[in-house]
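Chemist: For the sequence shown, the positions run 1 to 143 when UniProt numbering is used.
Every residue, glycine too, gets a C-beta built ideally from N, C-alpha and C.
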Amino acid sequence: MDRLLVLAVVAPLAGLLAVLLQRWRPGGPVATGWSVPGHLDRADFAKPDVPWLVAVFSSTDCPTCASMVAEAHSLAAAQVAVQEVPAESASELHDRYQVDVVPMLVVADGDGQVRAHHLGPSAPGELRAVLEEARSSRSFDEP
Numbered sequence: 001m002d003r004l005l006v007l008a009v010v011a012p013l014a015g016l017l018a019v020l021l022q023r024w025r026p027g028g029p030v031a032t033g034w035s036v037p038g039h040l041d042r043a044d045f046a047k048p049d050v051p052w053l054v055a056v057f058s059s060t061d062c063p064t065c066a067s068m069v070a071e072a073h074s075l076a077a078a079q080v081a082v083q084e085v086p087a088e089s090a091s092e093l094h095d096r097y098q099v100d101v102v103p104m105l106v107v108a109d110g111d112g113q114v115r116a117h118h119l120g121p122s123a124p125g126e127l128r129a130v131l132e133e134a135r136s137s138r139s140f141d142e143p
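(1) Which two residues bound the contiguous alpha helix (DSSP H) that contains residue 127?
(2) Quick check for students: name the residue ranges of the beta strand (DSSP E) that lie wholly in the segment 24-93, counting only runs of 3 or more.
(3) Determine the burial state of residue 7: buried for a count of at least 16 other Cβ atoms within 10 Å of its Cβ, exposed for fewer.
(4) Would you report the Cα separation of residue 116 and residue 22, rounded to the nearest angstrom?
(5) Under 7 Å Cβ to Cβ from residue 39, same chain only, skipping five residues before and after it: list those, please.
(6) Of all the options 99, 36, 104 and 108, which has the alpha carbon lying nearest to the alpha carbon of residue 67?
(7) Taking one C-beta from the segment 55-64 and one from the segment 78-85 each time, how about it: are there three or more such pairs within less than 8 Å?
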């Protein structure tokens with residue numbers, strides 16, 4: 001009999017709680033937890049006069065960063081500067097551009113406008129495709 005009384009009290013309370021939880025909606029948009037900078041100050045990076053910059057934001061404790069950095073360096077050319085931006089020695093750049101996920105590769109034009117980006121591990125040749133996509137997005141001819 002005591003169990004039946006407890007059940008008669010607990011069951012409606014549980015039902016009420018379930019209804020309230022279903023109707024409760026958290027406010028505000030869902031945060032993604034990371035963002036990609038839209039513009040880089042080219043003076044913050046090596047070779048600011050080169051038309052294209054490939055910047056790889058990395059960290060020594062990131063297991064996929066080393067392979068992305070190596071592939072990014074293969075993109076270096078007369079018109080393309082490549083620079084690794086390690087969190088340990090360039091934390092001010094990570095902070096300034098609000099980079100909170102690595103590896104992050106960004107491709108910026110001569111004005112610093114980020115034209116393309118890639119987050120996380122990459123397949124062979126994928127970073128070259130990102131660079132080519134960025135270069136083809138320019139609305140004017142290269143110098």
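Modeler: In short, the structure shows the following:
(1) Taking the first residue of the sequence shown as position 1, residue 127 is located at position 127. DSSP places residue 127 inside the alpha helix (DSSP H), whose first and last residues are 126-136.
(2) Counting whole runs of 3 or more residues, the segment 24-93 contains the beta strand (DSSP E) stretches 52-58 and 80-86.
(3) Here residue 7 corresponds to residue number 7 of the sequence shown, with the count starting at 1. That one is exposed.
(4) Indexing the sequence shown from 1 puts residue 116 at position 116. Indexing the sequence shown from 1 puts residue 22 at position 22. Annotation: residue 116 to residue 22 spans about 40 Å, alpha carbon to alpha carbon.
(5) Taking the first residue of the sequence shown as position 1, residue 39 is located at position 39. Same-chain partners within the cutoff: 112, 113 and 114.
(6) Taking the first residue of the sequence shown as 1, we reach residue 67 at position 67. Ranking 99, 36, 104 and 108 by Cα distance to residue 67 puts 104 first.
(7) Flag = yes, the segment 55-64 and the segment 78-85 touch.
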